[in-house]
Ligand SMILES: Cc1cc2nc3c(=O)[nH]c(=O)nc-3n(C[C@H](O)[C@H](O)[C@H](O)COP(=O)(O)OP(=O)(O)OC[C@H]3O[C@@H](n4cnc5c(N)ncnc54)[C@H](O)[C@@H]3O)c2cc1C
């Protein structure tokens, strides 16, 4: 046996799982296909301060690019709502630096890391061990943690379900400088014409720099280019902007997978669907659930039992802690994106007038949004708002 556990993919989820397993003194190997951890990046880098705290992370200065205090949400008509809670709500991080900082910490905990090493095949031997083939070698381990991100090639090859096509949205964003924005405010722009199925964003990096991006059911780059030229607010904010670099990616807006363990294997992060469907954010929730995966694998290794029966404790723990939250966010996202532009205008205008923002300010949590969504749904004022908006639901969307 080469290692107790081999982790395929050194994104945040893989690194968190690897660190957790290494903490309990098991031998761990983390394999990353790219030469440098964190590269290429595709993330907007917005992480809640409470989420980082719950992961016990204090990123150093070179990782943090900015802090933000709130968000402005724009409806297609130009109406907007402003959500802030009078405190430093989130950090904007440099994902390349963040991932490589996490990897350094993992290495300090005893995780062996090999980069430039793509896993091409995972199979289970008759003896019950895992056999991992990379571009250059064959390895054996007791457990494999698949942390390959949104692509899900390996997890599909060993029998896990795939993320449906409709839950994977193409995204594109630019880093720009010379923008006219408030440096501590994230802006989100909704609209069927602008970004069907999702939204466009401007995330400030400080000193007139920003990430401006868009995800949608299709043609995200073309839609973003069009917004930069024609959207009444986005084009104004970026009138004098200079593009520094562009990057594409895939945002997940689905539900967590129901089966995330098998004999000698678990899947974590994006490939397990551990993402907030409302925003596509998966670093914090993927990290929290990957740590549970790591804990469960460690327990299995201690007990010398890495069967599906034992490892399914990971499924159960994630279900009881996070699935309700993630599912509520999924249905909220579905409801929001099924509205026509008129419906979105009506929701934003009425949310302001009906005082629903107070509930969000009081109860809101950037990561676990299910609770505030349920509180909003329980409010009689939301019922009225829902009745008004229901006529704008487009059954074909
Ligand atoms: C445009 C965009 C903006 C986003 N903005 C945010 C945001 O602001 N906040 C947030 O929380 N989330 C955001 N996300 C989502 C976030 O990037 C993901 O949820 C997160 O990166 C998932 O982490 P992961 O470890 O599961 O996967 P990844 O970060 O994708 O890491 C997977 C790793 O596995 C490696 N790998 C894949 N296959 C193999 C293989 N066969 N062998 C070896 N290595 C392999 C990959 O190279 C990669 O390094 C955004 C996503 C996109 C597309």
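Residue numbers (the working numbering): 80 to 476. C-beta atoms are modelled at their ideal positions from N, C-alpha and C, and glycine is treated no differently.
Rounded Cβ spacing between residue i and residue j (contact assumed at less than 8 angstroms)
i	j	result
residue 85	residue 211	5 angstroms
residue 393	residue 339	6 angstroms
residue 430	residue 357	About 15 angstroms separates the two Cβ atoms, so there is no contact after all.
residue 94	residue 185	5 angstroms
residue 253	residue 334	Their Cβ separation, rounded to whole angstroms, is 30 angstroms, which puts residue 253 and residue 334 out of contact at 8 angstroms.
residue 190	residue 385	At roughly 19 angstroms, the Cβ-Cβ gap does not stay under 8 angstroms, so residue 190 and residue 385 are not in contact.
residue 169	residue 292	Going by Cβ atoms, the distance from residue 169 to residue 292 rounds to 16 angstroms, so no, they are not a contact pair.
residue 306	residue 279	6 angstroms
residue 336	residue 240	6 angstroms
residue 176	residue 117	7 angstroms
Beta carbon of residue i nearer than 8 angstroms to that of residue j
i	j	result
residue 255	residue 317	yes
residue 155	residue 420	yes
residue 354	residue 277	no
residue 346	residue 234	yes
residue 373	residue 98	yes
residue 144	residue 173	yes
residue 171	residue 125	yes
residue 295	residue 274	yes
residue 237	residue 201	yes
residue 220	residue 81	yes
residue 158	residue 428	yes
residue 147	residue 283	yes
residue 90	residue 178	yes
residue 162	residue 149	yes
residue 83	residue 415	no
residue 367	residue 134	yes
residue 92	residue 341	no
residue 327	residue 207	no
residue 285	residue 257	no
Identity of the residues DSSP links to residue i by a beta bridge
i	result
residue 191	108
residue 268	153 and 279
residue 290	254 and 282
residue 82	220
residue 145	171
residue 213	198
residue 331	247
residue 408	In the DSSP output, where bridge partners are listed per residue, residue 408 has none listed.
residue 341	344
residue 94	According to DSSP, which records beta bridges pairwise, residue 94 is partnered with nothing at all.
residue 163	149
residue 321	256
residue 87	110 and 225
residue 127	169
residue 326	252
residue 233	For residue 233, which the question treats as bridged, DSSP gives no partner whatsoever.
residue 203	209
Closer than 7 angstroms: residue i CB and nearest ligand 1 heavy atom
i	result
residue 227	yes
residue 354	yes
residue 195	no
residue 397	no
residue 309	no
residue 87	yes
residue 250	yes
residue 237	no
residue 323	no
residue 198	yes
residue 478	Lying before the first or after the last residue shown, residue 478 is absent from the chain, which here runs from 80 to 476.
residue 190	no
residue 373	no
residue 281	no
residue 349	yes
residue 363	yes
residue 247	no
residue 316	no
residue 111	yes
residue 385	no
residue 92	yes
residue 330	yes
residue 381	no
residue 134	no
residue 59	There is simply no residue 59 to check, as the chain begins at 80 and stops at 476 in what is shown.
residue 105	no
residue 273	no
- Query: Counting Cβ pairs, one atom from each stretch, are 3 or more of them under 8 angstroms apart for the stretch 226–241 and the stretch 348–367?
  - Reply: yes
- Message: Whether or not the stretch 124–134 and the stretch 362–375 are in contact is what I'm after, with contact meaning three or more pairs of Cβ atoms, one per stretch, closer than 8 angstroms; do they touch?
- Response: yes
- Please determine if the stretch 93–109 and the stretch 236–253 are in contact, where contact requires at least 3 C-beta pairs separated by less than 8 angstroms. no
- Item | Contact between the stretch 373–389 and the stretch 266–285 (3+ Cβ pairs under 8 angstroms) | no
- Do the stretch 394–408 and the stretch 96–107 make contact, defined as three or more Cβ pairs closer than 8 angstroms? no
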